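Student: Sending over a structure as structure tokens; questions will come in a sec.
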Amino acid sequence: MPTSRLPAAFSLVLTLTSLAAGAGPVAAAAPSEPAAAPGELIVRFAQDAGAGDRGATRAAADVGFERALPLPGVQLVTAEPGQSVPAAEAELERSPDVVYAEPNFIRQAQAVPNDPLFSNLYGLNNTGQAVAGVSGTPDADIDAPEAWDLTTGSPQVVAAVVDTGVDVGHPDLDSSIWTNPGESGDGRESNGIDDDANGLIDDSRGWDWVADDNLPADENGHGTHVSGTITASGNDGTGVTGVSQNSRVMPLRVLDAAGRGTVADLISAYRYAGAKRAPILNASLGGSGFSRAELDAIDAAPNTLFVVAAGNGGEDGVGDNVDATPEYPCAYQAANIVCVAASDQNDGLARFSNFGSVAVDLAAPGVRTLSTVPGGGYSYFSGTSMATPHTAGAAALIWSLVPGASVAGVKSALLGGTDAKSAFSGTTASGGRLNAERSLRVAAASGGAPAPPVPPPAVVPPPAVVPPPAVPSAEPSAPAPERAAPPDEAEPIPALPPNP
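Every position in the sequence shown, counted from 1, becomes a number in our numbering once 761 is added.
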């Protein structure tokens, strides 16, 4: 089904906060009014609501069916002329046939270019070299060369890049692009047939939900830059090197040329990655609108690790506390999310980077990051968008070394292998900056299982002549269980057919 589009008149204003450094402040929507696609809502109907019930509910709310989204009972609907989104949302949520209704929130890329080409990848190996005129601190890096002594990545490990698309012909990326086995070989790449029966024709190298076609080309540059940091080819005498240089990226385009997209398209991309069993999904994007549908889609892919950006603060260019001012998907409480802040070449928290001792898991290099851009070139970008693929690349190295690792085990290794740094104590959950080599060793030692919980201290009863009464258990109260996918959603599923 064709994807709904933002009207041109709104394309420049209905965006999320830009998470760029060095590009100047960009006006952001007020926290109470997150940016959303005009006239669009996402609604989840109850499981027992039939087609007639759904149609009657839409009619009562004065909204029309646009398309089904790949979650059970979830649809994108549009308000009829004269109907407002808040009024339609309220009317829909009054219906017993509706689980929830919400605006179709906007998400945006988290960085823009800010420096000319320069040849030092300090984030991988920092010797104190000057990058764009700023000297670094030796070893303020992720220890990539040391990690490469253990593995340089496996082509069997795939990271889905949900972004602005990818320049699949870039000389440093052309051998790193995932190929869909269900749509490849014997001319299936271009036979006009949906060979893998997922509702998308000839999606041999991913999909483009912006243009609704099988060519996820990058008209912005952000997705190509992110992809290069994850898996640009290494030891080929060309350009730069990715963190997991022999792994693959799956291009899934949801952001337009301006770096903007909607939650509805993100949901489709999340479900696509889960259905194709990508163990890693890089989402260098975000926005202020809490979306139950987006969280449902993340929960429905428990075997995929979502590596997401913390965000870059607001109009003042200074990072915000995500625990107090949430940025999504970073702030969702989901076991399969790793949220990443940006560090600089001196192991400081980047001035623009959001932070949070609960929501943000760790930091990674994200200032003056050199990587691939469309047209075969290279450029520097800064932002939490750049920190995120460093971490996604490290996750790819872990799965390359320990193929049987669980999502929980990889997340535990990433956080447990960080280098503790004062700048990240109290600003991230782990208190540290990504160290790929240490994370690999943590994962190898555990076999890819999560670290066991730290046992509570023993309770010693006070001395007494008469035996004291029983001492209450020192075990802390059980935490609230993580949000789990419903039984019928425990495994990734392909896109669902329209259910008007």
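Quick reminder that beta carbons are idealized off the backbone N, C-alpha and C, glycines included. If you're wondering where the values come from, they're calculated on a predicted model, not measured in any experiment.
Only counting runs of 3 or more residues, tell me where the beta strand (DSSP E) segments fall wholly within the region 1056 to 1097, in order along the chain.
Tutor: 1066 to 1070
Student: In three-state DSSP terms, what is R819?
Tutor: As a working note, residue 819 is residue 58 in the sequence shown. Helix.
Student: Suppose contacts are defined by Cβ-Cβ distances below 8 Å. Is V971 in contact with D928 by that definition?
Tutor: Within the sequence shown, residue 971 is the residue found at index 210, counting from 1. Within the sequence shown, residue 928 is the residue found at index 167, counting from 1. Their beta carbons are not under 8 Å apart, which means V971 does not touch D928 by this criterion.
Student: Among E863, V1171 and S1191, which has the Cα closest to the Cα of D1180?
Tutor: Along the sequence shown, one-based indexing puts residue 1180 at 419. For D1180, the nearest C-alpha among the options comes from S1191.
Student: Go ahead and pull the three-state DSSP assignment for G1137.
Tutor: Here residue 1137 corresponds to residue number 376 of the sequence shown, with the count starting at 1. Note: G1137 maps to coil in three-state DSSP.
Student: Taking the beta carbon of E1076 as the centre, do at least 16 other beta carbons fall within 10 Å, making it buried, or is it exposed?
Tutor: Against the sequence shown, residue 1076 aligns to sequence position 315. Result: exposed.
Student: Please report the straight-line C-alpha distance between I954 and A1205, rounded to a whole angstrom.
Tutor: Taking the first residue of the sequence shown as position 1, residue 954 is located at position 193. Taking the first residue of the sequence shown as position 1, residue 1205 is located at position 444. One C-alpha to the other measures close to 43 Å.
Student: Could you tell me which residues DSSP pairs with A797 in its beta bridges?
Tutor: Looking up residue 797 in the sequence shown gives position 36. Answer is F866, bridged to A797.
Student: Please report the Cβ distance between G984 and D924, rounded to the nearest whole angstrom; I am assuming they are in contact, meaning their Cβ atoms lie under 8 Å.
Tutor: Reading the sequence shown from its first residue, position 223 is the one you call residue 984. Reading the sequence shown from its first residue, position 163 is the one you call residue 924. About 3 Å separates the two Cβ atoms, so the contact holds.
Student: Check whether the region 934 to 952 and the region 1044 to 1063 touch, using three or more Cβ-Cβ pairs below 8 Å as the test.
Tutor: no
Student: May I ask which residues mark the beginning and end of the alpha helix (DSSP H) holding R855?
Tutor: As a working note, residue 855 is residue 94 in the sequence shown. For R855, the enclosing alpha helix (DSSP H) starts and ends at V846 to R855.
Student: Which residues in the same chain have their Cβ closer than 8 Å to the Cβ of A820, if we skip the five residues on either side of it in sequence?
Tutor: Position 59 of the sequence shown, counting from 1, holds the residue named residue 820. Counting only Cβ-Cβ distances below 8 Å, and skipping sequence neighbours, we find nothing.
Student: If you drop the 5 nearest sequence neighbours on each side, which residues of the same chain put their C-beta closer than 6 Å to that of A848?
Tutor: On the sequence shown, position 87 is the one that residue 848 refers to. Correct list: empty, nothing qualifies.
Student: Given P991, which residues of its chain have a CB within under 8 Å of its CB, disregarding the five upstream and five downstream residues?
Tutor: On the sequence shown, position 230 is the one that residue 991 refers to. Per the sequence shown, the amino acid found at residue 991 is Ile instead of Pro. Cβ within range, chain order: A920, V922, G1003, V1004, S1005, S1008, V1010, N1043, P1150, A1153, G1154 and A1157.
Student: Does the beta-carbon of E1198 have 16 or more other beta-carbons within 10 angstroms, so that it is buried, or is it exposed?
Tutor: Indexing the sequence shown from 1 puts residue 1198 at position 437. It counts as buried.
Student: Have a look at P916 and P831 and give me their C-alpha separation to the nearest angstrom.
Tutor: Position 155 of the sequence shown, counted from the first residue, corresponds to residue 916. Position 70 of the sequence shown, counted from the first residue, corresponds to residue 831. If you take the alpha carbons of P916 and P831, they lie about 28 Å apart.
Student: Going by CA-CA distance only, name the one from P899, N886, P799 and G811 that's closest to E850.
Tutor: By one-based count along the sequence shown, residue 850 stands at place 89. Considering only alpha carbons, the answer is P799.
Student: Where G948 and D964 are concerned, what is the direct C-alpha to C-alpha distance, given to the nearest angstrom?
Tutor: Counted from its first residue, the sequence shown places residue 948 at position 187. Counted from its first residue, the sequence shown places residue 964 at position 203. Between G948 and D964, the C-alpha separation is close to 12 Å.
Student: Would you mind giving the Cβ-Cβ distance between P1087 and T1065, rounded to the nearest angstrom? I have them listed as a contact below 8 Å.
Tutor: Along the sequence shown, read from residue 1 onward, the residue named residue 1087 stands at position 326. Along the sequence shown, read from residue 1 onward, the residue named residue 1065 stands at position 304. In fact, because the Cβ distance is near 22 Å, the residues do not count as touching under 8 Å.
Student: May I ask you to report which of helix, strand or coil DSSP gives Y1033?
Tutor: On the sequence shown, position 272 is the one that residue 1033 refers to. Three-state result, Y1033: helix.
Student: For A840 and A1124, what's the separation of their Cα atoms in angstroms?
Tutor: Taking the first residue of the sequence shown as 1, we reach residue 840 at position 79. Taking the first residue of the sequence shown as 1, we reach residue 1124 at position 363. Whole-angstrom Cα-Cα distance: 41 Å.
Student: Looking at Q1106 and T898, is the spacing between their C-beta atoms short of 8 Å?
Tutor: Here residue 898 refers to the residue found at position 137 when the sequence shown is read from its first residue. Here residue 1106 refers to the residue found at position 345 when the sequence shown is read from its first residue. Their beta carbons are under 8 Å apart, which means T898 touches Q1106 by this criterion.
Student: Can you list, in chain order, the residues of its chain with a C-beta nearer than 6 Å to that of A1169? Leave out the 5 residues immediately preceding and following it.
Tutor: Taking the first residue of the sequence shown as 1, we reach residue 1169 at position 408. Once the five neighbours on either side are set aside, the close Cβ partners of A1169 are P1211.
Student: Tell me the residue span of the beta strand (DSSP E) that contains L1013.
Tutor: Position 252 of the sequence shown, counted from the start, is the residue given in the question as residue 1013. R1009 to R1014 is the extent of the beta strand (DSSP E) around L1013.
Student: Are A1270 and G982 close, meaning C-beta to C-beta below 8 Å?
Tutor: The structure shown does not extend to residue 1270, since the chain is modelled only from 762 to 1261, so the question has no answer here.
Student: So G989 is in the beta strand (DSSP E); what residue range does that whole segment cover?
Tutor: Within the sequence shown, numbered from 1, the residue matching residue 989 stands at position 228. First-last for G989: H983 to T992, but that is the alpha helix (DSSP H), not the beta strand (DSSP E).
Student: Using the beta-carbon count (16 or more within 10 Å), is L1027 buried or exposed?
Tutor: Translated into the one-based positions of the sequence shown, residue 1027 becomes position 266. Looking at its Cβ environment, which holds 16 or more other Cβ atoms inside 10 Å, L1027 is buried.
Student: Please classify G1136: is it buried, with 16 or more other beta-carbons within 10 angstroms of its beta-carbon, or exposed?
Tutor: Position 375 of the sequence shown, counted from the start, is the residue given in the question as residue 1136. Exposed, because fewer than 16 other Cβ atoms sit within 10 Å of the Cβ of G1136.
Student: Quick check: what's the CA-CA separation for W909 versus V1163?
Tutor: Start at 1 with the first residue of the sequence shown, and residue 909 comes out as number 148. Start at 1 with the first residue of the sequence shown, and residue 1163 comes out as number 402. Computed Cα separation, rounded: 14 Å.
Student: Would R855 and V835 qualify as a contact pair, given that the criterion is a beta-carbon distance under 8 Å?
Tutor: One-based indexing of the sequence shown puts residue 855 at position 94. One-based indexing of the sequence shown puts residue 835 at position 74. No, they are not a contact pair.
Student: Applying the criterion that 16 or more other CB atoms from any shown protein chain within 10 Å of the CB defines a buried residue, is N996 buried or exposed?
Tutor: Position 235 of the sequence shown, counted from the first residue, corresponds to residue 996. When all chains shown are included, N996 counts as exposed.
Student: Which residues does DSSP list as the beta-bridge partners of Y861?
Tutor: Position 100 of the sequence shown holds residue 861. Answer by DSSP bridge pairing, in chain order: R805.
Student: Grouping DSSP H, G and I as helix and E and B as strand, with all else coil, what is R949?
Tutor: The residue given as residue 949 occupies position 188 in the sequence shown. Helix.
Student: For T1152, report the span of its alpha helix (DSSP H) as first-last.
Tutor: Within the sequence shown, numbered from 1, the residue matching residue 1152 stands at position 391. First-last of the alpha helix (DSSP H) with T1152: T1145 to L1162.
Student: Report the residue from D969, D974, G1117 and H986 whose alpha carbon sits nearest the alpha carbon of G1080.
Tutor: Here residue 1080 refers to the residue found at position 319 of the sequence shown. G1080 has its Cα closest to that of G1117, out of D969, D974, G1117 and H986.
Student: DSSP three-state label for S965, please.
Tutor: For this step, residue 965 is matched to residue 204 along the sequence shown. Note: S965 maps to strand in three-state DSSP.
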